[in-house]
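Asker: The following block contains the structure, expressed as structure tokens.
Protein chains: 2
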Amino acid sequence: MSPAPEDATPERLRAIPSRLLAGAAAAADRLVNERLAAEGARKWHFAVLVALAETGPASQSDLSRRTGVYRSDMVAVLNELAEGGHLVREPDPVDRRRNVITLTPAGRDRLHRLDALVTAAQQDLLAPLSPAEQAELTRLLALLDTRHRPPHGGEHA
Amino acid sequence: MSPAPEDATPERLRAIPSRLLAGAAAAADRLVNERLAAEGARKWHFAVLVALAETGPASQSDLSRRTGVYRSDMVAVLNELAEGGHLVREPDPVDRRRNVITLTPAGRDRLHRLDALVTAAQQDLLAPLSPAEQAELTRLLALLDTRHRPPHGGEHA
DNA sequence: CCATAAACGTTCGTCGCACTAACGAAGGTA
DNA sequence: TACCTTCGTTAGTGCGACGAACGTTTATGG
């Protein structure tokens, strides 16, 4: 038998938070993507659908800001969702620079299905933790997130 | 004035652990890379140097397993470190398929400098949390990491 | 001893994500 | 009017994660 190399990761590396974070994030992404792939979706699709459902029709740059998807990348995401009939993209009559993105009933359906998948993935992800630990982890991560402001086109004020 | 869109991220999305994880990991990566870029290094360089310092000379696939860098990508990392004189790559006389990677004194020096940078980045990252929270977050992340085994070429037994 | 299988280093290519640059069309403002 | 900004869009860059394939070398087993 082999000497069972098991987890050969050096101690030093294993204690580094940024590495732990990267590892956990990778695992999380993998879980989510696996589930969503079963429906031929990616996480951005879900994010956009959520944003649309939450506040109604919006422009692309609106959606970009709210989901964190760059407006350059938003184009393709919307194309794919539009092809699937999950949303409609039409020019905004009041501001003709804009497109108004509107969720269709089919889109709302899809949102519900994707939501179930994403929720399941979260449970898989957090399963190793007790409910209290899950809540604490979520809280701490949210803290870090709000502190380390995205390199986005954020508030200048 | 604008209606202050501020943080327009939908509530639904903000509560999703995998998204929080991705956000925090991105911030962490950004902090680490910014620091390391000052020395013209990337995180893999650091990881490889740590692995070498911890257990002495090793083969490339050894390093690959221990650092998490794919062996395909390891090639370039070692090239760069070798160019900088931080390590030496020579064929293994006992197993001529392998290369023996050996840390040079210059490499050890560089490790210490990079270590300082990485440590500083961790402090920046965790600064929003109390020491107790930092420890707890690290613990929980380590738990998730060890549970969600990498999709790597892991144990077959 | 020879065939076959495995491991190693390497090259190349793919995919997704984050991010920049630039451009035409449209709107706001002086 | 001229100017600046916003919006959607295209194209392109860089990086990390990952797979395929190939030649070389070592291990295995009949």
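Quick mapping for you: the protein sequence lines, in order, are chains D and Y.
Here the UniProt record's numbering is used: position 101 in the first sequence is 101, and no number is missing along the way.
Here the UniProt record's numbering is used: position 129 in the second sequence is 129, and no number is missing along the way.
Glycine residues also receive a C-beta, built at the ideal position from the N, C-alpha and C atoms.
#1: Any residues in the segment 70-100 of chain D with a beta carbon nearer than 9 Å to a beta carbon of chain Y? Which ones, in chain order?
#2: What is the residue span of the beta strand (DSSP E) that residue 90(D) lies within?
#3: Which two residues bound the contiguous beta strand (DSSP E) that contains residue 210(Y)?
#4: Please classify residue 127(Y): does DSSP put it in a helix, a strand, or coil?
#5: Taking the C-alpha atoms as reference points, what is the distance between residue 21(Y) and residue 133(D)?
#6: I'd like to check one pair, residue 95(D) with residue 31(D): are the Cβ atoms closer than 7 Å?
#7: Using beta-carbon positions only, say whether residue 44(Y) and residue 75(Y) come within less than 7 Å of one another.
#8: Does the beta carbon of residue 122(Y) come closer than 7 Å to any beta carbon on chain D?
#9: I'd like to check one pair, residue 86(D) with residue 65(D): are the Cβ atoms closer than 7 Å?
#10: Whole-angstrom Cβ separation of residue 78(D) and residue 89(D), contact assumed at under 8 Å?
#11: Measure the alpha-carbon distance for residue 49(Y) versus residue 142(Y) and round it to whole angstroms.
#12: Considering residue 17(Y), what are the terminal residues of the alpha helix (DSSP H) in which it resides?
#13: Reducing DSSP to helix, strand and coil, say where residue 3(D) ends up.
#14: So the alpha helix (DSSP H) residue 96(Y) belongs to, where does it begin and stop?
#15: Return the CA-CA distance between residue 62(Y) and residue 41(D), expressed in angstroms with no decimal places.
Answerer: In brief:
#1: If the cut-off is 9 Å between Cβ atoms, the segment 70-100 of chain D has nothing near chain Y.
#2: Residue 90(D) -> beta strand (DSSP E) spans 87-91.
#3: With chain Y represented from 1 up to 157, any question about residue 210(Y) goes unanswered, as that position is not in the structure.
#4: Residue 127(Y) carries a coil assignment under DSSP once its states are collapsed to helix, strand and coil.
#5: Cα to Cα, residue 21(Y) sits roughly 15 Å from residue 133(D).
#6: No.
#7: Residue 44(Y) is not a Cβ neighbour of residue 75(Y), given a cutoff of 7 Å.
#8: The beta carbon of residue 122(Y) falls within 7 Å of a beta carbon belonging to chain D, placing the residue at that interface.
#9: Not closer than 7 Å, so no.
#10: Confirmed, Cβ separation roughly 6 Å.
#11: Going from the Cα of residue 49(Y) to the Cα of residue 142(Y) covers about 22 Å.
#12: In the DSSP assignment, residue 17(Y) falls within the unbroken alpha helix (DSSP H) covering 17-37.
#13: Only weak support is given to the placement of residue 3(D): the predicted model assigns it a pLDDT of 38, under 50, and the question is left unresolved by the model.
#14: Counting along the chain, residue 96(Y) falls outside any alpha helix (DSSP H), and DSSP gives it neither H nor E.
#15: In a straight line, the C-alpha of residue 62(Y) is about 36 Å away from that of residue 41(D).
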